[in-house]
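Position one of the sequence shown corresponds to residue 15 (my numbering), numbered consecutively onward.
All C-beta atoms in this analysis are idealised placements derived from N, C-alpha and C, irrespective of residue type, glycine included.
Below is one structure; the comments refer to it alone.
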Amino acid sequence: MAVTVATSHEDWLDGQSRDDLRGSGLAHMLAIAGLHMAAVSGFVFFALRLGVAAWPWAAVRINGKKLAALGGLVAVGVYLALSGAHPPARRAAITAAVAFLAILFDRRAISLHALAIAALTVMLIEPEVVVSPGFEMSFCATAALVALAELWPHPVRAASLPWPLAALQSMRDWTLAMVMVSLVAGAATAPFSVDHVNLLANYGVFANLSADLLASVVLMPALAIGVLLQGLPFGPAAAAPFLFVAGWAARGVVAIGHLFANAPGSGLALASAPAPALAVSYLGIVFACLWKGRLRWVGVPLAAAVLVWPRPPPPAAWIASDGDDAAVVAGGQVVALKPGMRAYAVQAWAQRRGLALAADPDKALTDVAICSRNGCQPAPGVHPAIAAWWTVRRPKPGVLDGLCRGADILILTRADLPTPDDCRRAITLSPEAFARGGAAEIFRIQNRWRIEWSQPQRGKRPWSRIDWGAVSYSGE
């Protein structure tokens, strides 16, 4: 976990811990982003400012705030280089750099204007990030937190208040602030999490409230100091205590993720909503953040559009872009016709459609089809009944007739194979169809099958295959 936080490389973290962090709403800790950059650069900023203020000679001669901002800029650059400058780290570095530059030029560091400059800078450098989940979640969460800071009340306290009461009031205010920060950030990112990841972490507020505090106050500062000290001549001995503390803090973060990910009702799996829903949610978040006055609250129900938007009926099957793999929905679960092959693609499709994968893929396959390395024959009573000839070898006489007898759809990966008489009623998908249409989803419309191809939805792009318009087949 410490290596992941420092370098954004997840290879050292076991798969169960990664799944627990994602399931508990702590997935942002797996990539160096705003939390990491703010914790490291913020620690350097406050340490330098405190050091200048604690030295009387420097306090009256040096602008401690600007010196600390300059040190924060250096920390951002060093951390970015250390992490390998992955896209999320670059976005976070640009945002942090804009904030520190605002301090150097006597401007407000935390404002929607500064955030807009950071977003425009990122879009000028990497325009394609506009449609990426990381960009959308990062800037929407930050905008929501900036709007929260503008609305947050600043009560006046009595100067003569006894210190125990003052400490209790400060603890109350900080606790309330941390709860609201976690709640607002989670609410701002929830529409994108549902649409892109198809998971809503029900305990995400509590997981972030505890894990973010531990990571920001203990893990990241201790890890930053330990890594910096290791580069000095006396480094290993001096860095050992800090790395020891960072190690225990990392264990604590993983334990928090495990606790909330495995709690009853921890996650709610949702299918992706139609395209307009995310646009409405995005506009609602932006409106609530930018508008002044009570009218801004109109954006809150709009932001929940992704959660309440009606989902269309899920497809009955999926076929890979080259026809070399397929999955069927049977008994409410997704069954891959080639278990273990393209597992990520099948999982991503099932997740986006809100479908569950078969717990035992091999056993579930025996109820759906009889498959070999060469092809698949559908089992009786399963629809859509998909027959497939996977290999480029020409089948022996009668083999193809036996495969597709009673099939609704026939997949061929060899172009010159004639369609047998027993397969005339089936929809035949040839290599040419896959080359032009890409991957396909099969929907049942009453007693007919409709095939939707991915390529027409993607559109004609310089980096994609030829667009031949909408491809549609239907059969009785």
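Identify which residue in V198, L96, T405 and G56 has its Cα closest to the Cα of L84.
If we check each option's Cα against that of L84, G56 comes out closest.
Measuring CB to CB, does L197 end up less than 7 Å from V219?
Against a cut-off of 7 Å, the Cβ pair of V219 and L197 comes out as a contact.
In the structure shown, what three-state DSSP assignment does T433 receive?
If DSSP states are grouped into helix, strand and coil, T433 belongs with coil.
Please report how far the alpha carbon of E490 lies from the alpha carbon of G412, in whole angstroms.
Note that E490 scores a pLDDT of 40, beneath 50, so its modelled location is shaky; the value from the coordinates is reported in the next line. Distance between the alpha carbons of E490 and G412 is about 24 Å.
Could you compute how far the alpha carbon of S486 sits from the alpha carbon of E140?
Because the pLDDT of S486 is 44, which lies under 50, any placement of that residue in the model is unreliable, and the number read from its coordinates should be weighed accordingly. If you take the alpha carbons of S486 and E140, they lie about 36 Å apart.
At which residue ranges does the stretch 242-286 contain complete beta strand (DSSP E) runs of 3 or more residues, listed in the order of the chain?
Qualifying beta strand (DSSP E) stretches, in chain order: 281-283.
Using the DSSP secondary-structure output, state which residues sit across from E150 in a beta bridge.
Looking at the DSSP assignment, E150 forms no beta bridge with any residue, so it has no partner.
Three-state secondary structure (DSSP) at T405?
Of the three classes helix, strand and coil, the one that applies to T405 here is coil, per DSSP.
For the putative contact between V360 and L379, defined by C-beta atoms under 8 Å, what is the C-beta separation to the nearest angstrom?
At roughly 12 Å, the Cβ-Cβ gap does not stay under 8 Å, so V360 and L379 are not in contact.
Leaving out the 5 sequence neighbours to the left and right, which residues in its chain are closer than 6 Å to V268 when beta-carbon positions are compared?
Excluding sequence neighbours, V268 sits near M15 and S31.
DSSP puts L49 in a beta bridge; with which residues?
Answer by DSSP bridge pairing: none, since L49 is not bridged.
In chain order, what residues of the same chain lie with their CB nearer than 6 Å to the CB of T21, ignoring the 5 residues before and after it?
Contacts found: S97.
If you count every other CB in all the chains shown that lies within 10 Å of the CB of P324, and 16 or more means buried, which is it?
Under this definition P324 is an exposed residue.
Once you ignore the five residues that flank L284 on each side, which residues in its own chain have a CB closer than 7 Å to its CB?
Answer for L284: V208, N212, L214 and G368, listed in chain order.
Can you tell me the Cβ-Cβ gap for A393 and A440, rounded? I've got them flagged as a contact below 8 Å.
That pair is no contact at about 15 Å.
Taking 7 Å as the threshold (beta carbon to beta carbon), is L214 in contact with chain E?
Checking the listed chains, one finds no chain E in this structure; it contains a single protein chain.
Who pairs with Q391 in a beta bridge, going by DSSP?
DSSP, once it has assigned bridges, lists I384 as partnering Q391.
Run through the DSSP bridge pairs and tell me what V342 is partnered with.
Looking at the DSSP assignment, V342 forms a beta bridge with A331 and V349.
Mapping DSSP to helix, strand and coil, what is I425?
Correct three-state label for I425: strand.
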